[in-house]
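**Q**
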Amino acid sequence: DIQMTQSPSSLSASVGDRVTITCQASQDIGNYLNWYQQKPGKAPKLLIYDASNLESGVPSRFSGSGSGTDFTFTISSLQPGDIATYYCQQYDNLPLTFGGGTKVEIK
Amino acid sequence: QVQLVESGGGVVQPGRSLRLSCAASGFTFSSYAMHWVRQAPGKGLEWVAVTSYDGSNKYYADSVKGRFTISRDNSKNTLYLQMNSLRTEDTAVYYCVRDSGYNSGWYEGGFDIWGQGTMVTVSS
């Protein structure tokens, strides 16, 4: 199985800050990586697909990059509504696997 | 609008069975692979199972293999998860999720539409 290691597990930042989350795969997954946002009590929402493509309707302050084993998710200017847990997910191979999540809070 | 609505969750004793259902609407259900993803209380996301658009291909996480069965009825636009021999560690919110690939064959592997989830509690 492909292990996805996400870091940090939590972070606290101020409104307007740039926030970066990393995700490392245990083997090369090309660009078969998605990023999701999950707000408390809600279902996850797809933000980024194929490592760097913004899902329709998602604000442009969200972005993703990387390929192979190392990936980065960035919020260019943190907003109060971005408080959530963010997950990476690989779809190169079954079983599909998620990173452990990063909880983003406002300082 | 595109919607997935799960039902069938509840409290069940260890070793018993439960069947979840997911009613799809607003899209051509028979053109998409479908998944179940679960989330234990306070924990992260765990993929459970996938079925191809026509139900001919299925794959399971090791944690549920041999106990859970995913199926679908395209005439009813409904996805199912039959859960047998339930364990306390199966306690979770279960999400019905649409695969991101339209007419993509077996599956693509992204999750673009999620249901609201249904809670399953396994406890004596």
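Protein chains in written order, with the numbering used here: chain A, 140 to 246; chain B, 81 to 204.
Just so you know, even glycine gets a beta-carbon here, dropped at the ideal spot from N, CA and C.
1. What residue from B:Val202, B:Lys145, B:Ala141 and B:Thr149 has the CA that sits closest to Leu159 of chain B's CA?
2. Helix, strand or coil: which one does DSSP assign to Ser148 of chain A?
3. If you count every other CB in all the chains shown that lies within 10 Å of the CB of Thr108 of chain B, and 16 or more means buried, which is it?
4. Please say whether Val197 of chain A and Leu217 of chain A have beta carbons closer to each other than 9 angstroms?
5. Give the list of continuous beta strand (DSSP E) stretches no shorter than 3 residues that lie fully inside the stretch 147-176 of chain A.
6. Any C-beta of chain A sitting closer than 9 angstroms to the C-beta of Trp116 of chain B?
7. Looking only at DSSP bridge pairs, what is Phe212 of chain A linked to?
8. Distance check for Ile160 of chain A and Gly240 of chain A, CA to CA, integer angstroms please.
9. Name the chain A residues that come within less than 7 angstroms of Asp192 of chain B, Cβ to Cβ?
10. Looking only at its chain, what residues have a beta carbon closer than 6 angstroms to the beta carbon of Ile168 of chain A, apart from the 5 residues adjacent to it on each side?
11. May I ask you to report which of helix, strand or coil DSSP gives Glu169 of chain B?
12. Taking C-beta pairs closer than 9 angstroms, name the residues in chain B that Tyr277 of chain A reaches, listed in chain order.
13. In three-state DSSP terms, what is Ser151 of chain B?
14. Relative to the alpha-carbon of Lys145 of chain B, which residue among B:Ser165, B:Tyr133 and B:Asn157 has its alpha-carbon at the smallest distance?
15. Can you tell me whether Ser146 of chain A is buried or exposed, with buried defined as 16 or more other CB within 10 angstroms of its CB?
16. DSSP puts Arg178 of chain B in a beta bridge; with which residues?
17. Do you know offhand how far Ser180 of chain B's Cα is from Ser132 of chain B's?
18. Out of curiosity, what's the CA-to-CA distance linking Ala104 of chain B and Gln142 of chain A?
19. Kindly list, in the order they appear in chain B, the residues whose Cβ is closer than 7 angstroms to that of Gly239 of chain A.
20. Within 9 angstroms of any Cβ in chain B, is that where the Cβ of Ala182 of chain A sits?
21. Which residue marks the beginning of the beta strand (DSSP E) containing Gly90 of chain B, and which one marks its end?
**A** Reading from the atomic positions:
1. Position 79 of the second sequence holds residue 159 of chain B. Of the candidates B:Val202, B:Lys145, B:Ala141 and B:Thr149, the one whose C-alpha sits nearest the C-alpha of Leu159 of chain B is B:Thr149.
2. For the purposes of this step, residue 148 of chain A is identified with residue 9 of the first sequence, where counting begins at 1. Coil at Ser148 of chain A, not helix or strand.
3. As a working note, residue 108 of chain B is residue 28 in the second sequence. Residue environment: Thr108 of chain B is assigned as exposed (fewer than 16 neighbouring CB atoms within 10 Å of its CB, all protein chains considered).
4. Walking along the first sequence from the start, residue 217 of chain A turns up at place 78. Walking along the first sequence from the start, residue 197 of chain A turns up at place 58. Result no, Cβ atoms of Leu217 of chain A and Val197 of chain A do not sit closer than 9 angstroms.
5. List check, beta strand (DSSP E) in window: 149-152 and 158-164.
6. Residue numbering aside, residue 116 of chain B sits at position 36 when the second sequence is read from its first letter. Taking Cβ atoms only, chain A never reaches closer than 9 angstroms to Trp116 of chain B, which makes this a no.
7. The residue you call residue 212 of chain A lines up with position 73 of the first sequence. Note: Phe212 of chain A sits in a beta bridge opposite A:Ile160 and A:Gly203.
8. In the first sequence, residue 240 of chain A corresponds to position 101, counting from 1. In the first sequence, residue 160 of chain A corresponds to position 21, counting from 1. Their Cα atoms are separated by approximately 10 angstroms.
9. Numbered from its first residue, the second sequence carries residue 192 of chain B at position 112. Ordered by position in chain A, the residues that pass the 7 angstroms Cβ test against Asp192 of chain B are Leu185.
10. For the purposes of this step, residue 168 of chain A is identified with residue 29 of the first sequence, where counting begins at 1. Excluding residues within five positions, the ones whose Cβ falls inside 6 angstroms are Gln229 and Asp231.
11. Taking the second sequence and counting its residues from 1, the one referred to as residue 169 of chain B is at position 89. Here Glu169 of chain B sits in helix by DSSP.
12. With chain A represented from 140 up to 246, any question about residue 277 of chain A goes unanswered, as that position is not in the structure.
13. Numbered from 1 along the second sequence, position 71 holds the residue referred to as residue 151 of chain B. Secondary structure at Ser151 of chain B: strand, using DSSP grouped into helix, strand and coil.
14. Translated into positions along the second sequence, residue 145 of chain B becomes position 65. Checking every option, the nearest Cα to that of Lys145 of chain B belongs to B:Ser165.
15. Position 7 of the first sequence, counted from the first residue, corresponds to residue 146 of chain A. Answer is exposed; the Cβ neighbour count stays below 16.
16. Stepping through the second sequence from its first residue, residue 178 of chain B is reached at position 98. Answer is B:Met114 and B:Ile193, bridged to Arg178 of chain B.
17. Position 100 of the second sequence holds residue 180 of chain B. Position 52 of the second sequence holds residue 132 of chain B. Each residue's Cα considered, the two are about 12 angstroms apart.
18. Mapped onto the second sequence, residue 104 of chain B falls at position 24. Mapped onto the first sequence, residue 142 of chain A falls at position 3. Going by the C-alpha atoms only, they are around 31 angstroms apart.
19. Within the first sequence, residue 239 of chain A is the residue found at index 100, counting from 1. Neighbours of Gly239 of chain A in chain B, taken as residues whose beta carbon is under 7 angstroms from its own, are Gly124 in chain order.
20. Start at 1 with the first residue of the first sequence, and residue 182 of chain A comes out as number 43. For Ala182 of chain A, the answer is yes, since a Cβ of chain B falls inside 9 angstroms of its Cβ.
21. In the second sequence, residue 90 of chain B corresponds to position 10, counting from 1. It spans Gly90 to Val92 - the beta strand (DSSP E) in which Gly90 of chain B sits, taken as one unbroken run.
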